[in-house]
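Undergrad: Let me give you the structure first, and then I'll get to my questions.
Residue numbers (the numbering used here): 9 to 150.
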C-alpha cells in the first residue's frame with residue numbers, strides 16, 4: 009500500500025518537473041531568438057495536433073521549413089501568412105512574432121494544478137487506508 013503513495017507522489021512530481029522544464033525551455037528559446045533576431049513573413053504549410061509547419065525565406069535567399077514547426081502556433085490555419093521571428097544562427101528556431109514564453113504558463117500551470125488536485129486526494133485516501141489497517145498501539149491485545 010505504501011508503494012501507491014510513493015507512486016502517486018512520484019508521478020505528480022515528474023509531471024511538475026516536466027512542466028517547469030518546458031517553461032524554462034520556452035524561455036531559453038525566446039532568449040536565443042532575441043539575441044540573434046531575424047524577421048520574416050512565413051506561410052503556414054500544415055497545422056497538425058503536435059506541430060505547425062511553416063516555410064519562410066531568409067535575406068540570403070534560402071528557404072527554411074523548421075522540422076519541429078513554429079513556436080506558439082495557436083490560431084494558425086494552413087495557407088495563412090504570418091510574421092515570424094527566428095534565430096539567425098539557427099533558422100530552425102522560429103516563433104510567431106509578438107508571442108512569448110508567457111503563453112506556456114497557462115497550459116503548464118493548469119496541467120500541474122490538475123495533477124496535484126488528483127494526486128493529493130489519492131495520497132490522502134491511500135494514507136487513511138494505511139492507518140486503518142495498522143493495529144492501534146493503545147488497544148490491548150486479546
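Cβ atoms here follow ideal geometry from the backbone N, Cα and C, with glycine treated the same way.
Check whether the stretch 76-88 and the stretch 105-115 are in contact - that is, three or more C-beta pairs closer than 8 Å.
TA: The stretch 76-88 vs the stretch 105-115: in contact.
Undergrad: Contact check, residue 114 vs residue 31 under 8 Å by CB: the rounded distance?
TA: Not a contact, Cβ separation roughly 11 Å.
Undergrad: Nearest-angstrom Cα distance between residue 134 and residue 28?
TA: Spanning the two alpha carbons is a distance of roughly 27 Å.
Undergrad: So, at 8 Å on beta carbons, what are the nonlocal neighbours of residue 17 in its own chain, with the 5 sequence-adjacent residues on each side left out?
TA: Correct list, in chain order: 127 and 131.
Undergrad: Could you pull out every residue in the same chain whose Cβ sits closer than 7 Å to the Cβ of residue 71, ignoring the five residues on either side in sequence?
TA: Cβ within range, chain order: 63 and 65.
Undergrad: Using the Cβ count rule (16 or more neighbours within 10 Å means buried), how would you classify residue 118?
TA: The residue is exposed, with fewer than 16 neighbouring Cβ atoms inside 10 Å.
Undergrad: Give me the Cβ distance between residue 95 and residue 101, rounded to the nearest whole Å; I'm assuming they're in contact under 8 Å.
TA: About 4 Å separates the two Cβ atoms, so the contact holds.
Undergrad: In the structure shown, what three-state DSSP assignment does residue 15 receive?
TA: If DSSP states are grouped into helix, strand and coil, residue 15 belongs with the helices.
Undergrad: Using CA coordinates, which residue listed in 19, 75 and 50 is at the minimum distance from residue 58?
TA: Nearest of 19, 75 and 50 to residue 58, Cα basis: 75.
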